[in-house]
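Undergrad: Sharing a structure with you now.
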Amino acid sequence: MKVLKSIFLILLFISSQSTLSQLRIEITGGAEDPINIAVVPIDWRLEFPQEEYLHEIIKDDLESFGEFKVLPPKGMLSFPSTEEEVFYRDWRLLNVDYLVVGHANKSEIEGELKISYFIFDIARERVIHKAIMSGSIKSIRRVAHNMSDKIYDKIQGIPGIFSTRLAYIDKPSADDKNYNLRISDIDGFNGISLFSSPQPIMSPNWSPLGDRMAYVSFEEGTSRIFIQTISTGTRSGIKLEKGINSSPNWSPNGARLAAVLSKEGNPDIFLYDLKRKNWSQITEHFGIDTEPDWSPDGKSLLFTSNRSGSPQIYQVNVRSKRVKRLTFEGTYNARARYSPDGRSIVFVHRRDGVFHIATQKIRSGKVRILTDTSLDESPTISPNGNVVIYATKRKDEDILAGITIDGKTKFILPSIRGEVREPAWSPILD
Amino acid sequence: MNYLAPFGLSCFIHLGLILSFSNLFNIDMESLSLYEIDPIPAYIIYEQPKKIKENKRISIPKEIKSDLQEKQEKIVISEPSIALEEITNISRTPEKNFNRDVVNFSQSEISKYSSIIKRQVMSQWKKPSATTGNLITEIRITLVPTGEIISTKIIKGSGIKTFDDSALTAIARVGSFDDLQMPSNLFEKHFRQFILVFNPNK
């Protein structure tokens, strides 16, 4: 048997050798041009006309971060609405990579509609996704955003963020003497005011399920952290401590808030247990520790501290309370946020006297500046990790702007008007 | 126990077959062919073995040397004083080139056609966003001599379906490789079947 075994092993070795000796060609990069996609106008089979065109909302969504180029309907050779009506040759002629077709029908449920849709890979001549999307006829934008998310996910391999929401604060203006905590779609539509007050509101932060919001309000004359349920609007202040109560940040499991308290005299990072309603201390240093952010695994926190003389980003393990400095470049690094994979951070970095948004790989420590504007602040990362929205100034006006994490596509959020600050990106909402 | 001898024999024969299929013996069938037209100069038969070894071991320095020689040649145009060296160079170059033709013939050709393939695949590959982490996909490609791709098979997936699909889509978009006209023995040996490694992290 030993002979057999050795012969078998030799054979195995040889056959593996022969595949190894095959020529290997490494493909190390792809084309830089955007993905060409055609979204055929959805065949509307309901008795009343549609108010907003689904394919136009989807087009705006997919084009917003520069990753897709959407073929307009006037360039199309045919308008299929089912799988059988698609001729791949037509779309190959138009140099289309992916095609979306579908039709909308009335649902059995009153006030709802159903959209059957298909996503095709033209080069490989196959359907890569088919599904039925249902939703309220009244919130057609929501349905379209959900479809955009699915298309994005099936082609890019990571969740789409078109149905996520953005919270932000707008300052008093000529029209409105109040501070407002607002929420809107990321394209600026469907904005609502969650809370308004003549006293400052600060640091909005979403709960991990996206159903509640924590923020700081000065309505009682001193800073206090409030939690508000979005759907009902009910709000309550959490246990107030002496001095500063600021920068609430929800833990990934939703059970705790990290925040900054100065009850011992100088600001330190504390944890608030939402069930037991008590505070426990995490950092203890005579320097200022502020702006905590939970790691996605819930094991550590980022915070800004001036303990070394200048503001720098530190990481603290919640259990062992061991502190590690992360940033070493420059004399101002602050307001850090983890990327959703927990491997890098995005923060405000000062270089040559100008404040930029920068990103750094935690392990390698390599810093990359993303923005070329000045006075950039409060970065917030999309839940798929691909886009950063931040507050900046344009002609002395506070605006929100965004940039993709690869630095290729920049945009401003023009539909969100007024003096806006402190954007906070929601998690992916179901 | 009676079966052991015939089994051993069959194993031996199969081993031999598999070895020859996997090109282990490196038998160049064309050189053995009776229909070989080009006569092989006799002196090469004596010189070749040594040169092969030399070339394999220090092939890179020699390349650099030849580059230097080219540069020298350029200088020679303005400085006639080195004309003597130039003559010695000329007398050496044909011999060198000839060696490279025989021995390194396929190496430079392989890299030439590999880069043609690489360029065409890269121009068609639209990397999905999900390329964080170390995603690598290996795909075995089978071609016919016209350059047309007749089969693709993922031999090592990345674990992310959209990433693997994007690589397959890129290959489908290429469809048929242009500019792959090459000697048939080179095609059969290296390009009828090869592996594309999609590795954006490099």
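If you read the sequences in order, they're chains A and B. According to this note's numbering, the first sequence is numbered sequentially starting from 1. According to this note's numbering, the second sequence is numbered sequentially starting from 1. Glycine included, each C-beta is placed from N, C-alpha and C at the ideal position. These numbers were taken from a predicted model, which means no experiment stands behind them.
#1: Establish whether the CB of Gln156 of chain A and some CB of chain B are separated by less than 8 Å.
#2: Assuming Trp91 of chain A is part of the alpha helix (DSSP H), what are its boundary residues?
#3: Rounding to the nearest angstrom, what Cα-Cα distance links Asp121 of chain A and Ala167 of chain B in this structure?
#4: Taking just the CA atoms, how far does Met133 of chain A sit from His103 of chain A?
#5: Alpha carbon to alpha carbon, what distance is there between Ile169 of chain A and Asp372 of chain A?
#6: Return helix, strand or coil for Arg319 of chain A, following the three-state DSSP convention.
#7: Excluding the 5 residues flanking Arg322 of chain A on each side, which residues of the same chain have their C-beta closer than 8 Å to its C-beta?
#8: Is DSSP giving Glu241 of chain A helix, strand or coil here?
#9: What are the residues of the segment 21-34 of chain A that lie near chain B, defined by any Cβ-Cβ distance shorter than 7 Å?
#10: Look at Arg325 of chain A and Ser300 of chain A and say whether their C-beta atoms are less than 8 Å apart.
#11: Do Tyr98 of chain A and Ile161 of chain A have their C-beta atoms closer together than 8 Å?
#12: With a cut-off of 8 Å on the beta carbons, I'd call Ile141 of chain B and Ile149 of chain B a contact; round off their distance for me.
#13: I need the straight-line Cα distance from Glu125 of chain A to Tyr88 of chain A, nearest angstrom please.
#14: My output table needs one value for Asp297 of chain A: the three-state DSSP class, helix, strand or coil.
#15: Nearest CA to the CA of Pro172 of chain A: which residue from A:Ser107, A:Ser184 and A:Ser197?
#16: Under 8 Å between C-beta atoms, does Asn199 of chain B make it to chain A?
#17: Could you tell me whether any Cβ in chain B is nearer than 8 Å to the Cβ of Asp97 of chain A?
#18: Closer than 8 Å is the cut-off here; do at least three beta carbon pairs connect the segment 394-407 of chain A with the segment 136-143 of chain A?
#19: Taking only runs that begin and end inside the segment 24-83 of chain A, name each unbroken beta strand (DSSP E) of 3 or more residues, in chain order.
#20: Out of B:Glu109, B:Gly16, B:Ile18 and B:Ser114, state which residue places its alpha-carbon closest to the alpha-carbon of Arg24 of chain A.
#21: Please report the Cβ distance between Ile244 of chain A and Leu261 of chain A, rounded to the nearest whole angstrom; I am assuming they are in contact, meaning their Cβ atoms lie under 8 Å.
#22: Does the segment 148-163 of chain B come close enough to the segment 73-91 of chain A to have 3 or more Cβ pairs within less than 8 Å?
#23: For the beta strand (DSSP E) containing Tyr117 of chain A, list its first residue and its last residue.
#24: Using the rule of at least 16 other Cβ atoms within 10 Å of the residue's Cβ for burial, across every protein chain shown, is Gly30 of chain A buried or exposed?
#25: State whether the segment 210-230 of chain A contacts the segment 4-20 of chain B, with contact taken as three or more CB pairs (one from each stretch) at a distance under 8 Å.
#26: Return the bridge partner residues of Ser217 of chain A from the DSSP annotation.
#27: Against chain A, which members of the segment 176-189 of chain B pass a CB distance test of less than 8 Å?
#28: Below 8 Å between beta carbons: does that hold for Ala258 of chain A and Trp206 of chain A?
#29: Would Ser344 of chain A and Thr359 of chain A be called neighbours here (beta carbons separated by less than 8 Å)?
#30: Quick one: does Asp211 of chain A have its CB under 8 Å from some CB of chain B?
#31: By the DSSP assignment, the alpha helix (DSSP H) with Tyr152 of chain A in it spans what residues?
#32: For Pro383 of chain A, which residues of its own chain have a beta-carbon under 8 Å away from its beta-carbon, when the five flanking residues on both sides are left out?
#33: With which residues is Gly233 of chain A paired in a DSSP beta bridge?
#34: Using a Cβ-Cβ cut-off of 8 Å (strictly less than) and excluding sequence neighbours within five positions of Gly387 of chain A, which residues of its own chain qualify?
#35: Helix, strand or coil for His349 of chain A? Go by DSSP, reduced to three states.
#36: Does DSSP put Leu15 of chain B in a helix, in a strand, or in coil?
TA: Checking against the coordinates, here is how it stands:
#1: The residue given as residue 156 of chain A occupies position 156 in the first sequence. Gln156 of chain A counts as touching chain B.
#2: The count along the first sequence starts at 1 and reaches residue 91 of chain A at position 91. That run of the alpha helix (DSSP H) goes Tyr88 to Leu93.
#3: The count along the first sequence starts at 1 and reaches residue 121 of chain A at position 121. The count along the second sequence starts at 1 and reaches residue 167 of chain B at position 167. Their backbone Cα atoms lie some 12 Å apart in a straight line.
#4: Taking the first residue of the first sequence as position 1, residue 103 of chain A is located at position 103. Taking the first residue of the first sequence as position 1, residue 133 of chain A is located at position 133. If I take the Cα positions, the gap works out to 10 Å.
#5: As a position in the first sequence, residue 372 of chain A is number 372, starting the count at 1. As a position in the first sequence, residue 169 of chain A is number 169, starting the count at 1. If you take the alpha carbons of Asp372 of chain A and Ile169 of chain A, they lie about 24 Å apart.
#6: Here the question's residue 319 of chain A lines up with position 319 in the first sequence. Coil.
#7: In the first sequence, the residue the question calls residue 322 of chain A occupies position 322. Excluding positions up to five away in sequence, the list reads Val316.
#8: Walking along the first sequence from the start, residue 241 of chain A turns up at place 241. Coil at Glu241 of chain A, not helix or strand.
#9: Gln22, Leu23, Arg24, Ile25, Glu26, Ile27, Thr28, Gly29, Gly30 and Ala31
#10: The residue you call residue 325 of chain A lines up with position 325 of the first sequence. The residue you call residue 300 of chain A lines up with position 300 of the first sequence. Contact: no.
#11: Here residue 98 of chain A refers to the residue found at position 98 when the first sequence is read from its first residue. Here residue 161 of chain A refers to the residue found at position 161 when the first sequence is read from its first residue. No, these two residues do not count as a Cβ contact at 8 Å.
#12: Your numbering for residue 141 of chain B matches position 141 in the second sequence. Your numbering for residue 149 of chain B matches position 149 in the second sequence. Yes, Ile141 of chain B and Ile149 of chain B are in contact; Cβ-Cβ is about 6 Å, under 8 Å.
#13: Locating residue 125 of chain A in the first sequence gives position 125, where the first residue counts as 1. Locating residue 88 of chain A in the first sequence gives position 88, where the first residue counts as 1. Each residue's Cα considered, the two are about 6 Å apart.
#14: As a first step, residue 297 of chain A is located in the first sequence; it is residue number 297 there, counting from the start. If DSSP states are grouped into helix, strand and coil, Asp297 of chain A belongs with coil.
#15: Position 172 of the first sequence, counted from the first residue, corresponds to residue 172 of chain A. The shortest Cα separation from Pro172 of chain A among A:Ser107, A:Ser184 and A:Ser197 belongs to A:Ser197.
#16: Walking along the second sequence from the start, residue 199 of chain B turns up at place 199. Chain A contact via Cβ: present.
#17: Within the first sequence, the letter at position 97 stands for residue 97 of chain A. Yes, Asp97 of chain A lies at the interface with chain B (some Cβ there is under 8 Å from its Cβ).
#18: no
#19: 24-27, 35-39 and 68-71
#20: As a first step, residue 24 of chain A is located in the first sequence; it is residue number 24 there, counting from the start. Ranking the options by Cα distance to Arg24 of chain A, first place goes to B:Ser114.
#21: Position 244 of the first sequence, counting from 1, holds the residue named residue 244 of chain A. Position 261 of the first sequence, counting from 1, holds the residue named residue 261 of chain A. Yes, they are in contact, since the Cβ atoms of Ile244 of chain A and Leu261 of chain A sit about 7 Å apart, within 8 Å.
#22: no
#23: Taking the first sequence and counting its residues from 1, the one referred to as residue 117 of chain A is at position 117. Tyr117 of chain A -> beta strand (DSSP E) spans Glu112 to Asp121.
#24: Translated into the one-based positions of the first sequence, residue 30 of chain A becomes position 30. Buried.
#25: no
#26: Reading the first sequence from its first residue, position 217 is the one you call residue 217 of chain A. Looking at the DSSP assignment, Ser217 of chain A forms a beta bridge with A:Ile201 and A:Arg224.
#27: none
#28: As a working note, residue 258 of chain A is residue 258 in the first sequence. As a working note, residue 206 of chain A is residue 206 in the first sequence. No, the pair does not count as a contact, with Cβ atoms beyond the cut-off.
#29: Counting from one through the first sequence, the residue named residue 344 of chain A turns up at place 344. Counting from one through the first sequence, the residue named residue 359 of chain A turns up at place 359. Cβ distance < 8 Å, so Ser344 of chain A and Thr359 of chain A count as in contact.
#30: For the purposes of this step, residue 211 of chain A is identified with residue 211 of the first sequence, where counting begins at 1. So, not an interface residue.
#31: Position 152 of the first sequence, counted from the first residue, corresponds to residue 152 of chain A. Residues Ile140 to Gln156.
#32: Within the first sequence, residue 383 of chain A is the residue found at index 383, counting from 1. Excluding residues within five positions, the ones whose Cβ falls inside 8 Å are Pro159, Ile161, Thr164, Pro340, Trp425, Ser426, Pro427 and Ile428.
#33: The residue you call residue 233 of chain A lines up with position 233 of the first sequence. Gly233 of chain A pairs with nothing; no bridge assigned.
#34: The residue you call residue 387 of chain A lines up with position 387 of the first sequence. The sequence shown places Val at residue 387 of chain A, rather than the Gly named in the question. Around Val387 of chain A: Phe65, Ile161, Ile381, Gly402, Ile403, Thr404 and Ile405.
#35: By 1-based counting over the first sequence, the position of residue 349 of chain A is 349. Note: His349 of chain A maps to strand in three-state DSSP.
#36: Mapped onto the second sequence, residue 15 of chain B falls at position 15. Residue state, collapsed to three classes: helix.
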